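Taken in order, the sequence shown gives residues 39 to 672; the numbers are from the numbering used here.
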Amino acid sequence: ELLDDGPGALAAREAALALDGGNLQLRRRVERARTGRELLTERAISTEEALKAYAAAPGDEDVPAAYLLDAAAVRAYADGSQVDRIHIIQKALDQSGVADIAEVQLPQGAEVLTLRTLKADGSTLEPENIDGKETVSLPGVQVGDAVEYEYLLAHPPRGPGQPGFTASNFYFQIARQPNNWSTYTVVAPKGSGLKVDAHHVTVAPVAVEGDEEVFHHEERRVPPYLPEPESPPSGNEYLPWVSVGAGTLGNDGVVTAYADAFLEQGRLTTEVRRFAQEAAAGAQGLDAVRAVYTAVMVRLAGRDAGLAVSAAASAVQDRGSRLWLLRSALAALGFEVRVAAVHTFNADPEVGRLPNESLLPYLCVRVTVPGVGEVWLDTLVRYAPFGELPELARGRDAVLFPEPGKPLAKVKTPVGQRPRGKDVTLTLTLAKDGVLTGTGLEVYQGFEAAQLAEALEQLPPEQRQQALESALSRYFGGAQLTSLELGLKRAVGATVEVKYAFTAPRFARQDDDGQLVLGSLTYPALLGRRYLALSRRRTPLFLDATEASHTLVKLTLPDGTRLSSPIAEAQVPSPFGRFVRKEAQVGQLVTVDETLELPQARIAPASLEAFARFAGEVDLLQGRDVLVGPAKGP
């Protein structure tokens, strides 16, 4: 009808966009009708401009590949929909760099503007067919060539529950590749109230240009980020990046949106009510909660499906969502129960103003028990201890999902008790020829036990034995496993016991003075080897979980021998942990009692030297040679 009515057709398309702001094809047609140009052309950087800037100052080329250009421009619209224009140019500087850049991954829904190989002689090559492909191999890429790709990507509005928008995070530094020109621009309608969360980078404030609010920042000749071992899991803690958006602030809107989308999964169906009644079996109060928790753990094996699978579906099968089945079964029994999202220890500790759902990666259940109070329950780890949360979720900020009649609430998870760790008992006998025989008993508790049991169940018996024998051989030179018995009782809060016997034929050697030289009698923590690969760091040293162990060694020496210079007690107190070792001998029996606690922590680069001193003292005490010589007469 509007074939010959240009203004009418444009008005119709604009009306359609008001209903579907994420329709990229429609958005492009409207933009071309209005301006005669492609979306965000005025914010784009041309290939020629990028190549000229690189040629003028190429920087370090002693790397496999380099970014000549990393450009992103974002336009946000009044309804909260967005369009990104991404433009990347990378150059291969050696053969491994060719492999790094020749495969291009395009996000789903992207519409390609440019995709080609830029040959060193100035010619270009384009792939033959890219329709529907998310990974494209660019033709003819050789050392000295560059690849270029530019595309548009649309994002729909996030809905009336979260007015405004938040653009994708932009990082100005890239792992292992220098970046000659990194530039980011966000444009929104005037009056949007554009806000910027800048992290590890200083940026200019938002500017008003005509009827638009504009944020722009660029960096030139950025060195590559070189990943460091044992860094925090989120690069947001140390990379330079920005988040730009407007409208809803904080994560309340994110949690509300998830609740709106998924609360239906917790409906109290006939199947859920039947499961709850059968599980509780007439129990009341805390006993009923414990019974339902146990029944959920028994019923649902494997990984927890979280929000994705309904309570009803989970109740009638052996896999699904422990989270929803537990929450809904307890609700069916009349308990006040809520789903909580937790800002865990391993998430970025810095909370910006703009929504960031990655700050709430863990979900659990909080139930209020009359006469007892609030009980927090983990569903992520099967057979986890009742009434406990994993260490990463203890003493942390949390948000309770809103429900009808129950508003969103911000709470704190309980601190709980320290992780119990493991207890190790080694009963050893040393022969005069240096052969060591012994038995070991390792007892694991808490979450560590539940996770270990799950992992061991997946391994066939021969692989379990190989793994333990390999570990023993590392600590007790050449040890051979002679028996292995695993106590894997699959029950809520159950311990795991590992019993074994072994022989180490070359454990002790004789020195020039006729003394027997023994290696470590315990299992050294090897803190230096594990955590001090770098003498200096840019990023914090991240200890993701508390390491706690108590080891008791009972060593019977050959007749007529004695431990040389036993250490009655050695303590290594430190802000980073605690280590205590005691050695004693009564008759031919030597006992070594050792306790190590290394708490979960982020150790700042400035504190690395102090941590290294603590680690060095612990390693020295655990790894020192033990000397056994002839017993002296009275």
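Every residue gets a Cβ at the ideal spot worked out from N, C-alpha and C, and that includes glycine. Keep in mind the model is a prediction, meaning the values are calculated, not measured.
For Gln128, the uninterrupted beta strand (DSSP E) run begins and ends at 120 to 130, by DSSP. DSSP, read as helix, strand or coil, puts Leu190 in strand. For Glu388, no beta strand (DSSP E) encloses it, and the DSSP letter there is neither H nor E.
Taking the CA atoms as reference points, Val185 sits about 9 Å from Leu163. Straight through space, the alpha carbons of Tyr331 and Leu324 are spaced by roughly 10 Å.
Distance from Asp435 to Lys448 at the Cβ level is roughly 7 Å; contact confirmed, criterion being Cβ atoms closer than 8 Å.
A direct Cα-Cα distance of roughly 54 Å separates Asn274 from Asp549. With a cut-off of 8 Å on Cβ pairs, the segment 345 to 357 is not in contact with the segment 279 to 288, counting fewer than three such pairs. DSSP places Thr594 within a strand segment (E or B) once states are collapsed to three. Every beta strand (DSSP E) of 3 residues or more that sits fully in the segment 185 to 248 is shown, in chain order, as 202 to 204, 217 to 227, 233 to 237, 245 to 247.
In the DSSP secondary-structure assignment, Pro668 is bridged to Thr599.
Residue burial is scored here from C-beta neighbours: Gln496 has fewer than 16 other C-beta atoms within 10 angstroms and is therefore classed as exposed. Inter-segment contact for the segment 450 to 463 and the segment 515 to 524 is absent: fewer than three beta-carbon pairs are separated by less than 8 Å.
When the alpha-carbon of Gly516 is set against those of Ala546, Tyr538, Ala487, Gln483, the nearest one is in Ala546. At a cut-off of 4 residues, the continuous stretches assigned as alpha helix (DSSP H) that sit fully inside the segment 331 to 372 are 349 to 353, 360 to 370.
For Ala367 against Ala317, the beta-carbon gap comes to about 6 Å, under 8 Å, which counts as contact. Runs of the beta strand (DSSP E) lying entirely within the segment 394 to 465 and spanning at least 3 residues, in chain order: 400 to 407, 411 to 415, 435 to 438, 447 to 450.
In this structure, the straight-line span from the alpha carbon of Asn207 to that of Leu77 is close to 20 Å. Counting other Cβ atoms within 10 Å of its Cβ, Thr223 reaches 16 or more and is therefore classed as buried.
If one requires a minimum length of 4 residues, the alpha helix (DSSP H) runs lying completely within the segment 515 to 588 are 565 to 569, in chain order.
Around the Cβ of Glu486, a 10 Å sphere holds 16 or more other Cβ atoms; the residue is buried.
By the neighbour-count criterion, in which 16 or more other beta carbons inside 10 Å mark a residue as buried, Thr173 falls on the exposed side.
About 6 Å separates the beta carbons of Pro578 and Pro270, which is inside the 8 Å limit, making them a contact pair. For Val377, the enclosing beta strand (DSSP E) has its first and last residue at 374 to 380. Here DSSP, grouped into helix, strand and coil, assigns Gly178 to coil. Sequence-distant partners of Gln503 (beyond 5 residues in either direction) whose C-beta falls short of 8 Å from its own C-beta, in its chain, are Leu519, Leu522.
Assigned with DSSP and collapsed to three states, Asp631 falls in strand. Excluding the 5 residues flanking it on each side, Gly478 has same chain C-beta neighbours closer than 6 Å at Leu464, Tyr538, in chain order. Assignment of Lys620 by DSSP, reduced to helix, strand and coil, places it in the strand class. For Pro604, no beta strand (DSSP E) encloses it, and the DSSP letter there is neither H nor E.
The segment 129 to 138 and the segment 247 to 258 do not touch, with fewer than three beta-carbon pairs separated by less than 8 Å.
Per DSSP, reduced to three states, the secondary structure at Ser134 is helical. Fewer than three beta-carbon pairs drawn from the segment 414 to 423 and the segment 385 to 397 are found closer than 8 Å, and the two stretches are therefore not classed as touching.
According to the DSSP assignment, Leu659 belongs to the alpha helix (DSSP H) that extends over 646 to 661. Annotation for Gln638: no alpha helix (DSSP H) segment contains it, and DSSP assigns it neither H nor E. Between the segment 192 to 200 and the segment 233 to 242 there are fewer than three inter-stretch CB-CB distances shorter than 8 Å, so the stretches are not counted as touching.
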